[in-house]
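Participant: Chains as they are written, first to last, in the numbering used here: chain A, 34 to 166; chain B, 6 to 256.
Think of the CB as a built atom: it goes at the ideal place given N, C-alpha and C, for glycine as much as any other residue.
Mind having a look at this structure? Questions to follow.
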């Protein structure tokens, strides 16, 4: 008897059919708002090189509601990315004698402290940035 | 609880059907019945033409993997009571593999992938039997034991969208098997397995979906193994750069 195996093609919507795949793609999709955020940041740097007026206008433009919503989305994406990434760290970093749970907790604490330090540095240097104060 | 449950089984007859079609069978409801036993009931009492694989009935042989309501499961380890409230379930052959007939997936390519990582003990110098056995401490056993629990059921391949997109990817079980031997203190063959890990079809094809570890019936955690393979591959890459910088050949 001749064989005629059936091969099902992988359709574009494969990821919609399983919650595990939807979670995975949501995690991967966090790269998109972060990519746009990086472009916004670079455009700010460019404006900064054009002088104080250009930079102040850029800052004012970012206060439009649309940009505020975008930044909220970018922060949420960033947090989701960090949380899901640190969730996976124990699978990559296996240290004999230290439990995966401890490794995860260590990364979470380090991420929180690191974020707090960066935020503090940004806030402390804020009056210097474009002289907006 | 209803006294029967509807099992919708994907049927595919090669040479007759263009694509699988669903067929409904009503099986007497019994919470202690596994999906595999329900398939046995269908074959014995309703339709002797139904084709599926099975052997041990106790999650050791890895033969009865099927998609149950879209999830890769072992038929023998999945019980009808889980579906009692809905009164129905859908069974089809494992995703991402060619379907040979009804619920039988063609696992030949998968078996080739397992062999590609040289899953056997290799020694730099063979020891004569008179010199005694290769001994191992409990701590050395602990390093790889989890990864040696794999029963080659293929559920992780049915869970892997990267394997579904391109089945040349060596995939979760084969890469786990490579790590199992690389972590074994009695083995000297890890250098010989790096080519397979580093290749296009190796560890870097994995995008860490992680679903393979969720569906594994033996809690092997293939996602961990594949991603530790990425760490090993990165270290290997760095060492090779050093070797090349010193004018030696890469290993």
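With 7 angstroms as the C-beta to C-beta threshold (strictly closer), list the residues of the region 14–30 of chain B near chain A in chain order.
Facilitator: Cβ contacts with chain A: 17, 19, 20, 24, 25.
Participant: Any residues in the region 146–180 of chain B with a beta carbon nearer than 7 angstroms to a beta carbon of chain A? Which ones, in chain order?
Facilitator: Cβ contacts with chain A: 166, 169, 170.
Participant: Rounding to the nearest angstrom, what Cα-Cα distance links residue 132 of chain B and residue 240 of chain B in this structure?
Facilitator: The residue given as residue 132 of chain B occupies position 127 in the second chain. The residue given as residue 240 of chain B occupies position 235 in the second chain. Their backbone Cα atoms lie some 30 angstroms apart in a straight line.
Participant: Could you check which residue in A:144, A:123, A:82, A:85 has the C-alpha nearest to that of residue 236 of chain B?
Facilitator: For the purposes of this step, residue 236 of chain B is taken as the residue at position 231 of the second chain. Cα-wise, what sits closest to residue 236 of chain B is A:123.
Participant: Roughly how many angstroms separate the alpha carbons of residue 24 of chain B and residue 52 of chain B, rounded to a whole number?
Facilitator: Position 19 of the second chain, counted from the first residue, corresponds to residue 24 of chain B. Position 47 of the second chain, counted from the first residue, corresponds to residue 52 of chain B. Near 20 angstroms, if we compare the C-alpha coordinates of residue 52 of chain B and residue 24 of chain B.
Participant: Compute the Euclidean distance between the alpha carbons of residue 251 of chain B and residue 242 of chain B, then round it to the nearest angstrom.
Facilitator: Within the second chain, residue 251 of chain B is the residue found at index 246, counting from 1. Within the second chain, residue 242 of chain B is the residue found at index 237, counting from 1. Roughly 14 angstroms separates the two Cα atoms.
Participant: Can you give me the start and stop residues for the alpha helix (DSSP H) that residue 70 of chain B sits inside?
Facilitator: Mapped onto the second chain, residue 70 of chain B falls at position 65. Residue 70 of chain B -> not in any alpha helix (DSSP H); beta strand (DSSP E) instead, spanning 70–73.
Participant: Alpha carbons only, please: which of B:89, B:103, B:123 is nearest the one belonging to residue 170 of chain B?
Facilitator: Locating residue 170 of chain B in the second chain gives position 165, where the first residue counts as 1. Among B:89, B:103, B:123, the Cα nearest to that of residue 170 of chain B is on B:103.
Participant: Please go through the region 121–162 of chain A and give each complete alpha helix (DSSP H) segment of 4 or more residues, from N-terminal end onward.
Facilitator: 133–157, all fully within the region 121–162 of chain A.
Participant: Determine the DSSP secondary structure at residue 30 of chain B, reduced to helix, strand or coil.
Facilitator: As a working note, residue 30 of chain B is residue 25 in the second chain. Residue state, collapsed to three classes: strand.
Participant: Taking Cβ positions only, does residue 232 of chain B come closer than 7 angstroms to chain A?
Facilitator: Locating residue 232 of chain B in the second chain gives position 227, where the first residue counts as 1. Closer than 7 angstroms: yes.
Participant: Which word fits residue 153 of chain A, buried or exposed, when buried means at least 16 other C-beta atoms lie within 10 angstroms of its C-beta?
Facilitator: Counting from 1 along the first chain, the entry for residue 153 of chain A is found at position 120. Residue 153 of chain A should be labelled exposed.
Participant: With residue 15 of chain B as the anchor, note down where its beta strand (DSSP E) starts and where it stops.
Facilitator: As a first step, residue 15 of chain B must be located in the second chain, where it is residue number 10. Segment 9–16, the beta strand (DSSP E) holding residue 15 of chain B.
Participant: Counting only Cβ pairs nearer than 7 angstroms, list the residues of chain A close to residue 213 of chain B.
Facilitator: Along the second chain, read from residue 1 onward, the residue named residue 213 of chain B stands at position 208. Per Cβ cutoff of 7 angstroms: 121.
Participant: Which residue comes first and which comes last in the alpha helix (DSSP H) that contains residue 145 of chain B?
Facilitator: Here residue 145 of chain B is taken as the residue at index 140 of the second chain, counted from 1. Counting along the chain, the alpha helix (DSSP H) containing residue 145 of chain B begins and ends at 143–150.
Participant: Closer than 6 angstroms by C-beta to residue 14 of chain B: which residues in its own chain qualify, once you throw out the five before and the five after it? Chain order, please.
Facilitator: Looking up residue 14 of chain B in the second chain gives position 9. Excluding positions up to five away in sequence, the list reads 28, 96.
Participant: Which residue's Cα is closest to the Cα of residue 45 of chain A: A:54, A:39, A:37?
Facilitator: Residue numbering aside, residue 45 of chain A sits at position 12 when the first chain is read from its first letter. The shortest Cα separation from residue 45 of chain A among A:54, A:39, A:37 belongs to A:54.
Participant: Just list the residues that DSSP pairs residue 96 of chain B with in beta bridges.
Facilitator: The sequence position of residue 96 of chain B within the second chain is 91, counting from 1. According to DSSP, residue 96 of chain B bridges with B:14, B:73.
Participant: Please return the same chain residues whose Cβ sits closer than 7 angstroms to the Cβ of residue 190 of chain B, not counting the five positions on each side in sequence.
Facilitator: For the purposes of this step, residue 190 of chain B is taken as the residue at position 185 of the second chain. Same-chain partners within the cutoff: 141, 145.
Participant: So if I threshold CB-CB distances at 8 angstroms, which residues from the region 66–80 of chain B count as touching chain A?
Facilitator: Listed in sequence order: 75, 76.
Participant: Pair every Cβ in the region 38–55 of chain B with every Cβ in the region 74–84 of chain B, then say whether three or more of these pairs are closer than 8 angstroms.
Facilitator: Cβ pair count under 8 angstroms is three or more, so yes.
Participant: Anything in chain C within Cβ reach of residue 222 of chain B, meaning under 7 angstroms, just list it in chain order.
Facilitator: The structure shown contains no chain C; the protein chains it does contain are A and B.
Participant: Would residue 74 of chain B pass as a contact of residue 114 of chain B if the rule is Cβ separation under 7 angstroms?
Facilitator: The sequence position of residue 74 of chain B within the second chain is 69, counting from 1. The sequence position of residue 114 of chain B within the second chain is 109, counting from 1. Contact flag unset, no.
Participant: Helix, strand or coil: how does DSSP classify residue 84 of chain B here?
Facilitator: In the second chain, residue 84 of chain B corresponds to position 79, counting from 1. In the structure shown, residue 84 of chain B sits in a strand (DSSP, three-state: E or B).
Participant: I'd like the ranges of any alpha helix (DSSP H) spanning at least 4 consecutive residues and lying wholly in the region 91–137 of chain B.
Facilitator: DSSP runs (the alpha helix (DSSP H)) wholly in the region 91–137 of chain B: 113–121.
Participant: Just checking: is the beta-carbon of residue 53 of chain A within a distance shorter than 7 angstroms of some beta-carbon in chain B?
Facilitator: As a first step, residue 53 of chain A must be located in the first chain, where it is residue number 20. Output row for residue 53 of chain A: interface = yes.
Participant: Contact between the region 198–205 of chain B and the region 147–157 of chain B: three or more CB pairs below 8 angstroms?
Facilitator: No, the region 198–205 of chain B is not in contact with the region 147–157 of chain B.
Participant: Pull up the distance between the alpha-carbon of residue 166 of chain B and that of residue 56 of chain A, whole angstroms please.
Facilitator: For the purposes of this step, residue 166 of chain B is taken as the residue at position 161 of the second chain. For the purposes of this step, residue 56 of chain A is taken as the residue at position 23 of the first chain. The straight-line gap from Cα to Cα measures roughly 13 angstroms.
Participant: Just the Cα atoms here: how many angstroms apart are residue 117 of chain A and residue 126 of chain A?
Facilitator: Counted from its first residue, the first chain places residue 117 of chain A at position 84. Counted from its first residue, the first chain places residue 126 of chain A at position 93. Distance between the alpha carbons of residue 117 of chain A and residue 126 of chain A: 15 angstroms.
Participant: Quick one: Cα of residue 22 of chain B to Cα of residue 89 of chain B, how far?
Facilitator: Here residue 22 of chain B refers to the residue found at position 17 when the second chain is read from its first residue. Here residue 89 of chain B refers to the residue found at position 84 when the second chain is read from its first residue. Each residue's alpha carbon lies about 31 angstroms from the other.
Participant: According to the neighbour-count rule (16 or more other Cβ atoms, all chains shown, within 10 Å of its Cβ), is residue 179 of chain B buried or exposed?
Facilitator: Working through the second chain from its first residue, we reach residue 179 of chain B at position 174. With 16 or more Cβ atoms within 10 Å of its Cβ, residue 179 of chain B is classed as buried.
Participant: One question on the structure: do residue 228 of chain B and residue 221 of chain B come within less than 7 angstroms of each other, judged by their Cβ atoms?
Facilitator: To locate residue 228 of chain B, count along the second chain from 1; it is residue 223. To locate residue 221 of chain B, count along the second chain from 1; it is residue 216. For residue 228 of chain B and residue 221 of chain B, no; Cβs fall outside 7 angstroms.
Participant: Let's see if you can read the secondary structure: which residues bound the alpha helix (DSSP H) around residue 89 of chain A?
Facilitator: For the purposes of this step, residue 89 of chain A is taken as the residue at position 56 of the first chain. Taken as a continuous stretch (DSSP letters only), the alpha helix (DSSP H) holding residue 89 of chain A covers 85–94.
Participant: Below 6 angstroms CB to CB, which residues in the same chain sit around residue 139 of chain B once its five sequence neighbours on both sides are set aside?
Facilitator: Here residue 139 of chain B refers to the residue found at position 134 of the second chain. Excluding sequence neighbours, residue 139 of chain B sits near 191.
Participant: Report yes or no: is there a C-beta of chain B within less than 7 angstroms of the C-beta of residue 38 of chain A?
Facilitator: The residue you call residue 38 of chain A lines up with position 5 of the first chain. It does; some Cβ of chain B falls within 7 angstroms.
Participant: Measuring alpha carbon to alpha carbon, tell me which of B:118, B:187, B:67, B:155 ends up nearest residue 168 of chain B.
Facilitator: Here residue 168 of chain B is taken as the residue at index 163 of the second chain, counted from 1. Minimum Cα distance to residue 168 of chain B is reached at B:118.
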